[in-house]
Amino acid sequence: MARVIVSAGHTQNEPGAVVEDLREVDLTKKIANKITSELRKNGIITLSVPPELDLLARIDWINKTGYSEETEDVCIEIHINDGGKTGIEGWYKGNEENSSKKLTEEIVTAACAETILSSQGVNSEFQHPLQTLAFLNKVKPTSSLIECLYIDNPADQAFLRDEEKLNQLAKGVVRGIMKFFGISESQTKAPVQNIDTPYYDDPIGSELSSQSFGMQTPQMPSPRVSSSLGTPNAPWGGSKTLSREERKRMVEEKYQQVLGRKVGEQDLNYFLNLGLNEDQMSKRLVESQEHVDMVNESQEYKKIKPEYDTLKIEKQRMETQLRDKDEIVKKQNELIDQKNRSIHNLQQGRPAAILESTEQNSPELQTQPSAGQDQQVYPTTQSTRKEGFIDKILQKLNDIFD
Numbered sequence: 009m010a011r012v013i014v015s016a017g018h019t020q021n022e023p024g025a026v027v028e029d030l031r032e033v034d035l036t037k038k039i040a041n042k043i044t045s046e047l048r049k050n051g052i053i054t055l056s057v058p059p060e061l062d063l064l065a066r067i068d069w070i071n072k073t074g075y076s077e078e079t080e081d082v083c084i085e086i087h088i089n090d091g092g093k094t095g096i097e098g099w100y101k102g103n104e105e106n107s108s109k110k111l112t113e114e115i116v117t118a119a120c121a122e123t124i125l126s127s128q129g130v131n132s133e134f135q136h137p138l139q140t141l142a143f144l145n146k147v148k149p150t151s152s153l154i155e156c157l158y159i160d161n162p163a164d165q166a167f168l169r170d171e172e173k174l175n176q177l178a179k180g181v182v183r184g185i186m187k188f189f190g191i192s193e194s195q196t197k198a199p200v201q202n203i204d205t206p207y208y209d210d211p212i213g214s215e216l217s218s219q220s221f222g223m224q225t226p227q228m229p230s231p232r233v234s235s236s237l238g239t240p241n242a243p244w245g246g247s248k249t250l251s252r253e254e255r256k257r258m259v260e261e262k263y264q265q266v267l268g269r270k271v272g273e274q275d276l277n278y279f280l281n282l283g284l285n286e287d288q289m290s291k292r293l294v295e296s297q298e299h300v301d302m303v304n305e306s307q308e309y310k311k312i313k314p315e316y317d318t319l320k321i322e323k324q325r326m327e328t329q330l331r332d333k334d335e336i337v338k339k340q341n342e343l344i345d346q347k348n349r350s351i352h353n354l355q356q357g358r359p360a361a362i363l364e365s366t367e368q369n370s371p372e373l374q375t376q377p378s379a380g381q382d383q384q385v386y387p388t389t390q391s392t393r394k395e396g397f398i399d400k401i402l403q404k405l406n407d408i409f410d
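In terms of the working numbering, the sequence shown opens at residue 9 and continues consecutively.
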């Protein structure tokens, strides 16, 4: 039995591309509703993904329905393109021949035939600038992502404002889906399935996580414009068409302001796709896990900083004491070396100058001869005096060094 899930890209908080009175979120919802109605008219059981679920929540909701590729169920998501071209473009899972590619080819071909719009081709998700599209490779049913016209092309804008033309577009998409299933058209309305709103056992998005910092994986080409919720002081808000470089500069500046670092390539592409204004961009970054961790680390740092400062001062004091002690030890070693050299010199014999000075000035080593007698020196007494003098010298040296 043919079963289809229809999803509309973007939410009110992340409206996608905006030009004048046209917002991607409004257009995708309108087209998705028309497709759902047309599918049911033709007897196909159809589920419509609840509005206002972000990408991760939409994927989670779809996977909880029980629909899967194994049971030959399909899931499509509608988006609006940008870039100045015209017509319809499709994206499929992987880069090989598979059911996702076949489904996308049938939808694009039938939709272009019904509306006489140009085809911008059917592309592998690997050809996308992001190199992967989460909606295509995370949902369990056979998946297809359809870009319906270009919001910044005047002719396509007129088409998007025309209800009858949007009805034709929905019929074309449904004919492509039916051809994929191999069934013919009918006007019998299908019974409404009783699982339009699956029950959540786990928090939305619990099975999926972003590889950057908790943001949903981007899936759409970069919009040419930002959200219409801009402020007078936010040059990236409003309905003004911005170049890619202007949007890129805004993202880079907000990353530096909020997270204090350069934006990575994956995160940059992600935010270029959302159509957020400056305030919304700041809010998303402030609410990210990376910023929460930064705040927690800052608070922890404030707690331990006083203790750190105390330890730092104590370390400096101990280093100063150690340097002083090293200097004292150095001087003591120099004095010991000097003392040892002096002792060695004395043990080798007194210098001649010291001996001469000592003999001339020491009364104990001289005799006063009587008239007519020769001077006589008594060796025994001189030796004794010499030893006494050396002892005095050694004693004085000891006193000095002690």
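Ideal Cβ positions, reconstructed from N, Cα and C, are used throughout, including at glycine. Source: prediction; values computed, not measured.
Validate contact between the region 46-61 and the region 119-130 using beta carbons, cut 8 Å, 3 pairs
Counting Cβ pairs under 8 Å, fewer than three are found: no touch.
Looking at the secondary structure, which residues open and close the beta strand (DSSP E) in which valine 147 lies?
Here valine 147 belongs to no beta strand (DSSP E), and DSSP marks it neither H nor E.
Just how far apart, CA to CA, sit glutamine 227 and glutamate 133?
Confidence at glutamine 227 is low in this model, with a pLDDT of 40, below 50, so the placement of that residue should be treated as unreliable; the coordinate-derived value is given next. Cα to Cα, glutamine 227 sits roughly 9 Å from glutamate 133.
Among Thr117, Gln135, Asn89 and Ser15, which has the Cα closest to the Cα of glutamate 104?
Out of Thr117, Gln135, Asn89 and Ser15, Gln135 has the C-alpha closest to the C-alpha of glutamate 104.
Got a sec? Which residues, its chain only, sit under 8 Å from threonine 19 by beta carbon, not counting five neighbours each side?
Val33, Pro59, Glu60, Leu61 and Asp62
To the nearest angstrom, how far is it from the Cα of leucine 216 to the Cα of leucine 141?
For leucine 216, the predicted structure reports a pLDDT of 44, less than 50, and the residue's modelled location is therefore unreliable. A value from the coordinates is still provided. Whole-angstrom Cα-Cα distance: 14 Å.
Same chain, Cβ closer than 8 Å to glutamine 195, neighbours up to 5 away in sequence not counted
Confidence in glutamine 195 is poor, its pLDDT being 48 and thus under 50, which makes the residue's placement unreliable; the coordinate value appears in the next sentence. Here the set comprises Lys49 and Asn50.
With H, G and I counted as helix, E and B as strand and the rest as coil, what does DSSP make of glycine 129?
strand
Taking the continuous alpha helix (DSSP H) assigned at cysteine 316, which residues delimit it?
What sits at residue 316 in the sequence shown is tyrosine, not cysteine. Residues 297-355.
Just verifying my parser: in three-state terms, what is the DSSP assignment at isoleucine 185?
helix
Pull up the distance between the alpha-carbon of asparagine 71 and that of alanine 16, whole angstroms please.
16 Å
Quick check on threonine 150: buried or exposed, where buried means 16 or more other Cβ atoms within 10 Å of its Cβ?
buried
Here's the rule I'm using: 16 or more other beta-carbon atoms within 10 Å means buried, otherwise exposed. How should tyrosine 75 be labelled?
By the 10 Å Cβ count, tyrosine 75 comes out buried.
Who pairs with glycine 95 in a beta bridge, going by DSSP?
For glycine 95, DSSP records no beta bridge to any residue.
Please say whether glutamate 97 and glutamine 128 have beta carbons closer to each other than 8 Å?
yes
Out of Arg349, Ile159 and Ile115, state which residue places its alpha-carbon closest to the alpha-carbon of alanine 178.
Ile115
If you reduce the DSSP assignment to three classes, tell me which class tyrosine 75 lands in.
coil
Could you pull the DSSP bridge partners for glutamate 83 from this structure?
Correcting the residue type first, residue 83 is cysteine in the shown sequence and not glutamate. According to DSSP, which records beta bridges pairwise, cysteine 83 is partnered with Ile13 and Ser151.
Would you call valine 337 buried or exposed, if buried means 16 or more other Cβ atoms sit within 10 Å of its Cβ?
exposed
Less than 6 Å between C-beta atoms, sequence neighbours within five positions excluded: which residues of the same chain meet that for glutamate 260?
Val271
Checking the sheet assignment: what are the DSSP bridge partners for tyrosine 100?
Ser132
Please state if the CB of isoleucine 39 and the CB of isoleucine 86 are separated by a distance shorter than 8 Å.
If you check the CB distance, isoleucine 86 and isoleucine 39 come in under 8 Å.
Member of Lys400, Thr94 and Val82 whose CA lies at the smallest distance from the CA of lysine 101
Val82
I need the boundaries of the beta strand (DSSP E) containing threonine 54, first residue and last residue.
53-56
Is the CB-CB distance between glycine 95 and leucine 30 below 8 Å?
no
Is the separation between the beta-carbon of isoleucine 154 and that of alanine 10 shorter than 8 Å?
It is not a contact, given that the beta carbons lie outside the stated cut-off.
Within its chain, find whatever has a CB closer than 7 Å to the CB of phenylalanine 167; leave out the 5 residues flanking it on each side and keep chain order.
Leu157 and Lys173
Where does the unbroken alpha helix (DSSP H) through glutamate 114 begin, and where does it stop?
107-123
According to DSSP, leucine 30 sits in a beta bridge with which residue or residues?
Per DSSP, Val27.
Test item: CB-CB of leucine 267 and leucine 293 under 8 Å
yes
Give the DSSP-derived three-state secondary structure of isoleucine 43 in the structure shown.
helix
Counted within 10 angstroms of its Cβ, other Cβ atoms place isoleucine 3 as buried (16 or more) or exposed
The chain is shown from 9 up to 410; residue 3 falls before or after that span and cannot be answered.
Helix, strand or coil at leucine 174 [DSSP, three-state]:
In the structure shown, leucine 174 sits in a helix (DSSP, three-state: H, G or I).
Nearest neighbour of phenylalanine 188, chosen from Thr117, Gln176 and Asp332 [CA to CA]:
Closest in alpha carbon position to phenylalanine 188, among Thr117, Gln176 and Asp332, is Thr117.
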